[in-house]
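Student: Quick one: this structure, given as structure tokens, is what I'll be asking you about.
Residue numbers (mature numbering (1 follows the signal peptide of the UniProt record, and there is no 0)): -26 to -1, 1 to 273.
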């Protein structure tokens, strides 16, 4: 009996030691990496951005891809891009106003043809995400039923999803504040459209400037987290670069960390002096993001 009791004590002591060692050696799962930081500007400013710690340029479809120009013109632009110190990874300003997404005069066939060229050239240039903002293309004409406009946009995105997928890019729908368009102003509204489309190559943009203009809080980031493929940022006051007015984005950053967002974050602002403001924006974002991380870690 005594020997059995001693053996039992030795077994329990050994088990406890093993458990303690396991607990001591266990590591907390790594938090998601912070998003790669970029900025909306001309590729001509790539060296300036690179020297300020940015990892990519956010260019414009028309200016960078030259979709209305022959392939020879695009090849020259592509050579310039490949020689730049940082790549173009995202594009904005997809559709011209002449290509209407909704309303009585939609141009869906023309949009699909246009996007075939855009997505093919985007892929060749190493672009990952094409942002679908295009406020005038998607403005609902006065008196036109909103439900019909929603159905039209969903149908258009269902057609564009396979085209984007074929070229290995993401089409990301961007909610824009009410001063820019009267259709899809909030992340929650954009999320409903993207869910209805239901295609893996059609995602959602969360622009913190537009969210704050619409008084849309960080909760929308959490509610629509699985759909978010790109994030943009600018201060609400004057749409200036982060740091100019000293606005605090940490609550939004905390929400992004909580959903594990680790894609791309671009500064899309109205630059006054990009040489001064780009480094300031990068410092501001990187200073606020760790604070958000610490809050998230504390639960």
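Quick reminder that beta carbons are idealized off the backbone N, C-alpha and C, glycines included.
I need the straight-line Cα distance from residue 66 to residue 8, nearest angstrom please.
Tutor: 22 Å
Student: Need the endpoints of the beta strand (DSSP E) that residue 38 sits in, please.
Tutor: Careful: residue 38 lies outside any beta strand (DSSP E) and carries neither H nor E.
Student: For residue 2 and residue 227, I'd like the C-alpha separation in whole angstroms.
Tutor: Note on residue 2: pLDDT 39, under 50, position unreliable in the model; the coordinate value appears next. Whole-angstrom Cα-Cα distance: 21 Å.
Student: Got a sec? Which residues, its chain only, sit under 8 Å from residue 153 by beta carbon, not counting five neighbours each side?
Tutor: Around residue 153: 187.
Student: In this structure, does DSSP put residue 251 in helix, strand or coil?
Tutor: helix
Student: Please report the residue range of the alpha helix (DSSP H) in which residue 45 lies.
Tutor: From DSSP, the alpha helix (DSSP H) with residue 45 extends over 45 to 56.
Student: What first and last residue would you give for the alpha helix (DSSP H) that runs through residue 217?
Tutor: First-last for residue 217: undefined, no H or E at that position.
Student: Starting from the Cα of residue 129, find the closest Cα among 117, 77, 109 and 98 and give me that residue.
Tutor: Per the C-alpha coordinates, the member of 117, 77, 109 and 98 positioned closest to residue 129 is 77.
Student: Measure how close the beta-carbons of residue 63 and residue 238 come, nearest whole angstrom, since I'm counting them as under 8 Å.
Tutor: 6 Å
Student: In the DSSP output, what is residue 103 paired with across the bridge?
Tutor: 64 and 144
Student: Using a Cβ-Cβ cut-off of 6 Å (strictly less than) and excluding sequence neighbours within five positions of residue 10, which residues of its own chain qualify?
Tutor: 29 and 238
Student: Apply the 10 Å Cβ neighbour rule to residue 196 and answer buried if 16 or more other Cβ atoms are within range, or exposed otherwise.
Tutor: exposed
Student: Would you check if the distance between the CB atom of residue 175 and the CB atom of residue 225 is smaller than 8 Å?
Tutor: no
Student: When burial is assigned at 16 or more other CB atoms within 10 Å of the CB, is residue 177 buried or exposed?
Tutor: buried
Student: Please state if the CB of residue 108 and the CB of residue 145 are separated by a distance shorter than 8 Å.
Tutor: Going by C-beta atoms, residue 145 is not nearer than 8 Å to residue 108.
Student: Report all residues from its chain with a CB closer than 8 Å to the CB of residue 203; omit the five preceding and five following residues, and keep chain order.
Tutor: Within the same chain, residue 203 has close Cβ partners 103, 144, 146, 177, 178, 179 and 237.
Student: Where residue 231 and residue 165 are concerned, what is the direct C-alpha to C-alpha distance, given to the nearest angstrom?
Tutor: 19 Å
Student: Taking the C-alpha atoms as reference points, what is the distance between residue 151 and residue 190?
Tutor: 10 Å
Student: Quick check on residue 211: buried or exposed, where buried means 16 or more other Cβ atoms within 10 Å of its Cβ?
Tutor: exposed
Student: Quick one: what's residue 238 bridged to in DSSP?
Tutor: 10
Student: Can you tell me where the beta strand (DSSP E) holding residue 160 begins and where it ends?
Tutor: No beta strand (DSSP E) holds residue 160; DSSP gives it neither H nor E.
Student: When DSSP builds the beta bridges, which residues end up paired with residue 33?
Tutor: 65
Student: At the level of alpha carbons, what is the spacing between residue 83 and residue 74?
Tutor: 10 Å
Student: Would you kindly check if the distance between the Cβ of residue 160 and the Cβ of residue 194 is under 8 Å?
Tutor: yes
Student: Tell me whether residue 214 is buried or exposed, calling it buried when 16 or more other Cβ atoms sit within 10 Å of its Cβ.
Tutor: Classification for residue 214: buried.
Student: Taking residue 241 as the reference, give the member of 219, 220 and 208 with the closest Cα.
Tutor: When C-alpha distances from residue 241 are compared across 219, 220 and 208, the shortest belongs to 208.
Student: In three-state DSSP terms, what is residue 203?
Tutor: strand
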